[in-house]
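K.L.:
I'd like to ask you about the structure that follows.
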């Protein structure tokens, strides 16, 4: 036994590590836990899940093979996710751009796309969902005036027509090769858009939400009531926000990323998920600390974290930058332009309504300041 070598299969919080251990041990693999400590960074530890090197082929088959559970699906299963990618749409000219990106991510991550449209009527009877066949009807509502009922019926029929038209357009682009050929589902739900999206996420736990948002030149006037901002602030699943002015590129060509870190153990878990879920072997990631409580040694902490990531993911390249709090947004804007940053990644902490109003989170601020994709990871 002394000559046996144990290697790291994954890094997780303790609860998720226990779930993974249960799956591996159910197939006869021996699993060890090792506390993760990053010396000098002062960051709380996670757990290394280690297996015997001889068991690596079976472990990889269990976590990556299509015969069992692919790696992204393992992440979703452990996080309670349904294996779906949600794409809320509004039938604007930029809807197809969001769909193309969403379908590309669905293919890359082996997810099932769900296209959702929320419509408002003069009255609400709860969340009324239609499947792909749009079967079923609506019962009359006692006390409602006939005019309101007729208006509501017309709105639903119009939403139905627009969704059918979108489905046909997607299918045409799938045939031409513009959109990935992936089976998908369409849904119509009655209600306010942000509430419908949040309720779907609460009940179905998609692995990812892909949303289009306003371009930088139009965000200022739309700041209050923005659906994307509201979902970012309160949704507890990852959200990929795409500005309407962004020129769509292949997902695998997005190589220059910025990760806004809090200098705590969530950074370790988020980067590990990002690197394995999106399969980023060759990518530049700049760590930018945004934790105002990190103290005067913030530069030392972020550099220690950077060195740890470079050691753990040798095929990627990690860098670090520290910007003064007073000039953070201006300095970052200059940095992003000079470095050609292509995507922003933010750990998004749940905040109550008062703190969101008076001190918006970094995800909310960055969303309205930059015209580039943003991936928000709930922590």
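Numbering (this note's numbering), first residue to last: 58 to 436.
A virtual CB, placed ideally from N, CA and C, is assigned to each residue, including glycine.
If you're wondering where the values come from, they're calculated on a predicted model, not measured in any experiment.
When the Cβ atoms of the segment 292-299 are set against those of the segment 335-349, are three or more pairs found closer than 8 angstroms?
P.N.:
Flag = no, the segment 292-299 and the segment 335-349 do not touch.
K.L.:
From the DSSP output, in three-state form, read off residue 318 for me.
P.N.:
Here residue 318 refers to the residue found at position 261 when the chain shown is read from its first residue. Strand.
K.L.:
What is the residue span of the alpha helix (DSSP H) that residue 80 lies within?
P.N.:
Walking along the chain shown from the start, residue 80 turns up at place 23. From DSSP, the alpha helix (DSSP H) with residue 80 extends over 71-82.
K.L.:
In or out: residue 150 buried (at least 16 other Cβ within 10 Å) or exposed?
P.N.:
The sequence position of residue 150 within the chain shown is 93, counting from 1. Exposed.
K.L.:
How should residue 144 be labelled, buried or exposed, when 16 other C-beta atoms within 10 angstroms of its C-beta is the threshold for buried?
P.N.:
The residue labelled residue 144 in the question sits at position 87 within the chain shown. Residue 144 is buried by the Cβ-count criterion.
K.L.:
Tell me the rounded alpha-carbon separation between residue 291 and residue 254.
P.N.:
Translated into the one-based positions of the chain shown, residue 291 becomes position 234. Translated into the one-based positions of the chain shown, residue 254 becomes position 197. Cα to Cα, residue 291 sits roughly 11 angstroms from residue 254.
K.L.:
Mind pulling the alpha helix (DSSP H) runs of 4 or more residues that sit fully within the segment 363-403?
P.N.:
Whole alpha helix (DSSP H) segments, 4+ residues: 385-396.
K.L.:
Less than 7 angstroms between C-beta atoms, sequence neighbours within five positions excluded: which residues of the same chain meet that for residue 89?
P.N.:
Here residue 89 refers to the residue found at position 32 when the chain shown is read from its first residue. Answer for residue 89: 63, 107, listed in chain order.
K.L.:
Can you give me the Cβ contacts of residue 317 inside the same chain, cut-off strictly under 6 angstroms, excluding the 5 residues immediately before and after it?
P.N.:
Mapped onto the chain shown, residue 317 falls at position 260. Contacts found: 345, 347, 403, 419.
K.L.:
Please determine, among 91, 105, 85, the residue with the shortest C-alpha to C-alpha distance to residue 112.
P.N.:
As a working note, residue 112 is residue 55 in the chain shown. Cα-wise, what sits closest to residue 112 is 85.
K.L.:
In terms of residues, what are the limits of the alpha helix (DSSP H) holding residue 255?
P.N.:
Within the chain shown, residue 255 is the residue found at index 198, counting from 1. Its alpha helix (DSSP H) spans residues 250-261.
K.L.:
Do the CB positions of residue 104 and residue 65 come within less than 8 angstroms of each other?
P.N.:
Position 47 of the chain shown, counted from the start, is the residue given in the question as residue 104. Position 8 of the chain shown, counted from the start, is the residue given in the question as residue 65. No; because the gap between Cβ atoms is not below 8 angstroms, this pair is not in contact.
K.L.:
Could you say if the segment 304-315 and the segment 388-404 meet the contact criterion of at least three C-beta pairs nearer than 8 angstroms?
P.N.:
Yes: at least three Cβ pairs fall under 8 angstroms.
K.L.:
In the DSSP output, which residue or residues are listed as bridge partners for residue 405?
P.N.:
Looking up residue 405 in the chain shown gives position 348. BP columns for residue 405 point to 435.
K.L.:
Quick check on residue 260: buried or exposed, where buried means 16 or more other Cβ atoms within 10 Å of its Cβ?
P.N.:
As a working note, residue 260 is residue 203 in the chain shown. By the 10 Å Cβ count, residue 260 comes out exposed.
K.L.:
Do you know offhand how far residue 429's Cα is from residue 303's?
P.N.:
Position 372 of the chain shown, counted from the first residue, corresponds to residue 429. Position 246 of the chain shown, counted from the first residue, corresponds to residue 303. Computed Cα separation, rounded: 6 angstroms.
K.L.:
Evaluate the contact criterion for the segment 151-159 versus the segment 321-335: three or more CB pairs, one atom per stretch, below 8 angstroms.
P.N.:
The segment 151-159, when compared against the segment 321-335, does not touch it at the 8 angstroms Cβ threshold.
K.L.:
What number of angstroms, rounded off, separates the C-alpha of residue 263 from the C-alpha of residue 226?
P.N.:
For this step, residue 263 is matched to residue 206 along the chain shown. For this step, residue 226 is matched to residue 169 along the chain shown. The straight-line gap from Cα to Cα measures roughly 24 angstroms.
K.L.:
Count the other C-beta atoms from every protein chain shown that fall within 10 angstroms of the C-beta of residue 414, then say buried if there are 16 or more, exposed otherwise.
P.N.:
Taking the chain shown and counting its residues from 1, the one referred to as residue 414 is at position 357. Model confidence at residue 414 stands at a pLDDT of 46, short of 50, so the residue's coordinates are unreliable; what they give is reported in the following sentence. Under this definition residue 414 is an exposed residue.
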